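S.K.:
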Amino acid sequence: MIKKTSALLLALLAGTSLSAQAADWGYGNSTEHWSDSYPTCGLGKNQSPINITSALKANLAPLRIEYNGKITSITNNGHTVEAKVSGDNKLIVDGDTYTLKQFHFHTPSENYIDGKQYPLEAHFVNMDDKGNIAVIAVMFENGLRENNALSSLLKNIPTKGNTIDFTDDLSPNNLLPREREYYQFNGSLTTPPCTEGVRWFVLETPQYSSKDQTEKLNQIMGNNNRPVQPINARIIVE
């Protein structure tokens, strides 16, 4: 348990990429070689992302997403664009309380819903006081108008390897859809070291973005989506 929690903490505290300075892994064809340095990426049985094709109906507890704080900084770590937050940002579900640590983006989406890949996915990474991680995944669908919250973020993205203070009055809650129905499953970090034991909540309702916005993020980050992984014996509930 100590080793597992330590690995999760290291990966989270250094950002979703494990290390902003490390260049020993990437996307594209190199994802199949992650396991050379990070064995869990290849040996794990509960890896993320996945293609959600079916789910058992269950009386799931509602997600109490209380993101009342503000975005304070944005980092371009070479693998993703990541935002840090301050203030009171809680996720409460099944009596467990988590605190939002950061959120970041993937273009195109990593998780699929019914075989559909979205142009953009945001991951809100939350942690409880024992070091357990819960991720809220939000899909973005391209529409005819821009997403104002994304516009604010896009104006403040630094160059690769840099961090800037974010001074706009913007809450992470502005990036979430109003509807909070979700799919739940056990998974992993989607980047090395691919540590398992991560609780995933994929919101069923997408947010909206414009094509220009998702293309701009893609130009900055590149295609930073890990291929979908086998579900194996996991059960997905909704």
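Residue numbers -22 to -1, 1 to 216, in mature numbering (1 follows the signal peptide of the UniProt record, and there is no 0), belong to the letters of the sequence shown in order. Glycine is no exception: its CB is placed at the ideal position from the N, C-alpha and C atoms. All values derive from a computational prediction rather than experimental measurement.
Is it right to say G65 is buried, meaning 16 or more other beta carbons lie within 10 angstroms of its own, or is it exposed?
M.R.: Your numbering for residue 65 matches position 87 in the sequence shown. Exposed, by the Cβ-count rule.
S.K.: For N7, I'd like the list of residues in its chain whose CB is within less than 8 Å of its CB, leaving aside the five on either flank, ordered along the chain.
M.R.: For this step, residue 7 is matched to residue 29 along the sequence shown. The answer is none, since no qualifying residue turns up.
S.K.: Alpha carbon to alpha carbon, what distance is there between K79 and T141?
M.R.: Reading the sequence shown from its first residue, position 163 is the one you call residue 141. Reading the sequence shown from its first residue, position 101 is the one you call residue 79. Cα to Cα, T141 sits roughly 16 Å from K79.
S.K.: From G139 to I30, what distance separates their C-alpha atoms?
M.R.: As a position in the sequence shown, residue 139 is number 161, starting the count at 1. As a position in the sequence shown, residue 30 is number 52, starting the count at 1. Spanning the two alpha carbons is a distance of roughly 34 Å.
S.K.: Kindly indicate the opening and closing residues of the beta strand (DSSP E) around E99.
M.R.: Locating residue 99 in the sequence shown gives position 121, counting from the first residue. Segment L98 to M105, the beta strand (DSSP E) holding E99.
S.K.: To the nearest angstrom, report how far apart G175 and L21 are at their CA atoms.
M.R.: For the purposes of this step, residue 175 is identified with residue 197 of the sequence shown, where counting begins at 1. For the purposes of this step, residue 21 is identified with residue 43 of the sequence shown, where counting begins at 1. Cα-Cα distance, rounded: 14 Å.
S.K.: Along the chain, which unbroken stretches of the beta strand (DSSP E) at least 3 residues long are found entirely within the segment 146 to 171?
M.R.: If we require 3 residues or more, the beta strand (DSSP E) runs fully inside the segment 146 to 171 come out as 160 to 166.
S.K.: How many Å lie between residue 217 and D146 at the Cα?
M.R.: Any answer about residue 217 is impossible in this case: the structure gives the chain only from -22 up to 216.
S.K.: Return the CA-CA distance between H84 and N203, expressed in angstroms with no decimal places.
M.R.: Taking the sequence shown and counting its residues from 1, the one referred to as residue 84 is at position 106. Taking the sequence shown and counting its residues from 1, the one referred to as residue 203 is at position 225. Each residue's alpha carbon lies about 6 Å from the other.
S.K.: If contact is defined by three or more beta carbon pairs under 8 Å, each pair taking one atom from either stretch, is the segment 71 to 78 in contact with the segment 100 to 112?
M.R.: Taking 8 Å as the limit for Cβ pairs, the verdict is that the segment 71 to 78 does touch the segment 100 to 112.
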